[in-house]
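Throughout, our numbering is defined as the position within the sequence shown, counted from one, plus 8. Below is one structure, written out as structure tokens, with a few remarks after it.
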Amino acid sequence: MIFNLNEEINFPNPRLGDPDGLLAINGDLSTERLLLAYSHGIFPWYSFREGLIQWWCPMDRFVIFPSEIHVSHSMRTLLNKRKYKCSINTAFEQVIENCSKLRIDEKGAWLGPDMMEAYTRLHKQGYAVSVEVWEDERELVGGLYGVTLRQCFFGESMFSQVPSGSKIALIHLAHVMEAIGGVMIDCQFETAHLKSMGGRHITYDEYMRYININR
């Protein structure tokens, strides 16, 4: 079943959504609604040219646990060269802008002006975080951003302008999360890229247990 949201800030039971994970449409991208969504494992997909906000909550979740991040031999070699440096939250707007350019001309492109504005608001309130990859400490060549809530990171998008730029960002994120006690990186959907780096499937019930750890 797909629910039609109104101005009231709430969501239906995620277990009532379609088998593919589509739960609801419409609503808005307010900070309050977004934080409520992520606290229940729900995330938006906004086909901005059609003006339609979709809310997804798959029962089968694809995640990376920070301690399980896989760093290949070739990646270790690249990292050991110290050609790139990573930072956190030093260029959020640059990162989200680069992410938005990746598929902006494709049908169904989702990271348009409204989404960028919504996540920038989240960033300014301390909930959305970016990881930056720099070459020669000046040129932004890769990165990712997502939402932090409790001890979890909900990945939204990543970009790379050099080979493995986004992988470097993800590895840095995982290492930082492990160091500060973070428990899970939500990848939303499986890709070969993320699976090669340690991503695996868990059930929605297990997923929610990690979100609610020490709550």
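Just so you know, even glycine gets a beta-carbon here, dropped at the ideal spot from N, CA and C. As the structure is a computational prediction, the values presented were derived from the model and not from experiment.
Exercise. Hey, how far is the Cα of Y46 from the Cα of Y153?
Worked result: By 1-based counting over the sequence shown, the position of residue 46 is 38. By 1-based counting over the sequence shown, the position of residue 153 is 145. Answer to the nearest angstrom: the Cα atoms are 14 Å apart.
For this session: Compare the C-alpha of E101 against each of V71, P74, H78 and L148 and name the closest.
Result: By one-based count along the sequence shown, residue 101 stands at place 93. Comparing Cα positions, the closest option is L148.
Exercise. Sorted by chain position, which residues of the same chain lie with C-beta nearer than 7 Å to G150's C-beta, five sequence neighbours on each side aside?
Worked result: Mapped onto the sequence shown, residue 150 falls at position 142. Answer for G150: V141, F167, S168, Q169, V170, G173, S174, I176 and A177, listed in chain order.
Exercise. Quick one: what does DSSP say R69 is sitting in, helix, strand or coil?
Worked result: Here residue 69 corresponds to residue number 61 of the sequence shown, with the count starting at 1. DSSP places R69 in strand when its eight states are reduced to three.
Exercise. Between which two residues does the alpha helix (DSSP H) carrying S108 extend?
Worked result: Taking the first residue of the sequence shown as position 1, residue 108 is located at position 100. Run containing S108: F100 to S108, per the alpha helix (DSSP H) assignment.
For this session: Go ahead and pull the three-state DSSP assignment for H209.
Result: In the sequence shown, counting from the first residue as 1, residue 209 sits at position 201. H209: strand per DSSP, three-state reduction.
Exercise. What does M192 pair with, by DSSP beta-bridge criteria?
Worked result: Walking along the sequence shown from the start, residue 192 turns up at place 184. BP columns for M192 point to C160.
Problem set entry | Bridge-paired residues (DSSP) for M166 | Here residue 166 is taken as the residue at index 158 of the sequence shown, counted from 1. According to DSSP, which records beta bridges pairwise, M166 is partnered with L152.
For this session: For the alpha helix (DSSP H) containing E125, list its first residue and its last residue.
Result: Position 117 of the sequence shown holds residue 125. It spans P121 to K132 - the alpha helix (DSSP H) in which E125 sits, taken as one unbroken run.
Problem set entry | Three or more C-beta pairs below 8 Å linking the segment 63-80 and the segment 40-54 | yes
Exercise. Which runs of the beta strand (DSSP E) spanning at least 3 residues fall entirely within the segment 10-45, listed in chain order?
Worked result: 11-13 and 30-34
Exercise. Nearest to P27 by alpha carbon, out of I221, Y212 and M216?
Worked result: Sequence index remark: in the sequence shown, residue 27 carries index 19 (1-based). The residue with the shortest Cα to Cα distance from P27 is Y212.
Exercise. Taking just the CA atoms, how far does G189 sit from T199?
Worked result: Here residue 199 refers to the residue found at position 191 when the sequence shown is read from its first residue. Here residue 189 refers to the residue found at position 181 when the sequence shown is read from its first residue. Approximately 26 Å, taken between the alpha carbons.
Exercise. If you count every other CB in all the chains shown that lies within 10 Å of the CB of N106, and 16 or more means buried, which is it?
Worked result: In the sequence shown, the residue the question calls residue 106 occupies position 98. By the 10 Å Cβ count, N106 comes out buried.
Exercise. Ordered along the chain, which non-local residues of its own chain (more than five positions away) have a Cβ less than 6 Å from that of S95?
Worked result: Here residue 95 is taken as the residue at index 87 of the sequence shown, counted from 1. Correct list, in chain order: E140.
For this session: Tell me whether K89 sits in a helix, a strand or coil according to DSSP, three-state version.
Result: Within the sequence shown, numbered from 1, the residue matching residue 89 stands at position 81. Of the three classes helix, strand and coil, the one that applies to K89 here is coil, per DSSP.
Exercise. Taking just the CA atoms, how far does E40 sit from R69?
Worked result: Numbered from 1 along the sequence shown, position 61 holds the residue referred to as residue 69. Numbered from 1 along the sequence shown, position 32 holds the residue referred to as residue 40. Spanning the two alpha carbons is a distance of roughly 23 Å.
For this session: Could you tell me the distance, in whole angstroms, from the CA atom of G163 to the CA atom of I193?
Result: Taking the sequence shown and counting its residues from 1, the one referred to as residue 163 is at position 155. Taking the sequence shown and counting its residues from 1, the one referred to as residue 193 is at position 185. Cα to Cα, G163 sits roughly 7 Å from I193.
Exercise. Hey, out of N220, M123 and M205, whose CA is closest to L37's CA?
Worked result: Here the question's residue 37 lines up with position 29 in the sequence shown. Answer by Cα proximity: M123.
Exercise. Does the Cβ of L202 have 16 or more other Cβ atoms within 10 Å, making it buried, or fewer, making it exposed?
Worked result: Numbered from 1 along the sequence shown, position 194 holds the residue referred to as residue 202. Buried: at least 16 other Cβ atoms inside 10 Å.
Exercise. Is E147 helix, strand or coil when you go by DSSP?
Worked result: Within the sequence shown, the letter at position 139 stands for residue 147. E147: strand per DSSP, three-state reduction.
Exercise. Between which two residues does the beta strand (DSSP E) harbouring P171 extend?
Worked result: To locate residue 171, count along the sequence shown from 1; it is residue 163. P171 -> no beta strand (DSSP E), and no H or E assigned at all.
For this session: Give the range of the beta strand (DSSP E) segment to which Y135 is assigned.
Result: If you number the sequence shown from 1, residue 135 lands on position 127. Taken as a continuous stretch (DSSP letters only), Y135 belongs to no beta strand (DSSP E), as it is neither H nor E.
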